[in-house]
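Enquirer: Provided herewith is a single structure, encoded as structure tokens, for subsequent inquiry.
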Amino acid sequence: MDNANKVFCTYIIFLIVILVPYTFWYSTGTQGLIFVVDSSDRDRIDEARSELHKIVSDREMKDAMVLVFANKQDVPGAMKPQEISERLGLPVIRDRKWFVQPSCATTGEGLIEGLTWMTDNKD
2 MDNANKVFCT YIIFLIVILV PYTFWYSTGT QGLIFVVDSS DRDRIDEARS ELHKIVSDRE
62 MKDAMVLVFA NKQDVPGAMK PQEISERLGL PVIRDRKWFV QPSCATTGEG LIEGLTWMTD
122 NKD
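For the sequence shown, the numbering used here begins at 2 and goes up steadily by one.
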């Protein structure tokens with residue numbers, strides 16, 4: 002893929018444990034959201050689901066496609082993309098495009114594929 006003419010403006014939101022109050026800032030006309038989950042953390046996937054649904058229900062995000070990076074696929078017992086999809090409640094999101102990309106941030110595996118999906122699915 003030739004990314005020479007592609008521009009990604011990203012805002013990175015770290016979802017750790019919600020210990021301090023936070024607010025999200027979205028730009029009007031946001032076209033895509035990249036949401037990263039720890040595929041090995043079954044204890045907090047419900048928290049991730051709640052946060053994801055809060056974000057996509059915001060009026061500024063109404064047209065944004067959703068790319069979920071299912072990170073840490075290299076960890077034994079990590080949830081596979083199908084399980085991540087179900088646990089995040091993605092099948093109920095019918096008003097936009099979404100995709101779960103297995104990934105490993107330490108090796109970079111899956112990152113180009115995920116970004117390619119985003120550029121290929123941009124309206």
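Beta carbons: idealized from backbone N, C-alpha and C, even for Gly.
Since this is a predicted model, take the numbers as computed values, not measurements.
Put Ile35 into one of helix, strand or coil per three-state DSSP.
Expert: The answer is strand: DSSP assigns Ile35 an E or B state.
Enquirer: Determine the DSSP secondary structure at Gln74, reduced to helix, strand or coil.
Expert: Three-state DSSP puts Gln74 in coil, outside helix and strand.
Enquirer: Tell me whether Ile35 is buried or exposed, calling it buried when 16 or more other Cβ atoms sit within 10 Å of its Cβ.
Expert: The residue in question, Ile35, is buried, as its Cβ has 16 or more Cβ neighbours within 10 Å.
Enquirer: Using three-state DSSP, classify Met80 as helix, strand or coil.
Expert: coil
Enquirer: Between which two residues does the alpha helix (DSSP H) carrying Val57 extend?
Expert: 46-58
Enquirer: Quick check: the Cα distance between Arg88 and Ser51, rounded to an integer number of angstroms?
Expert: 10 Å
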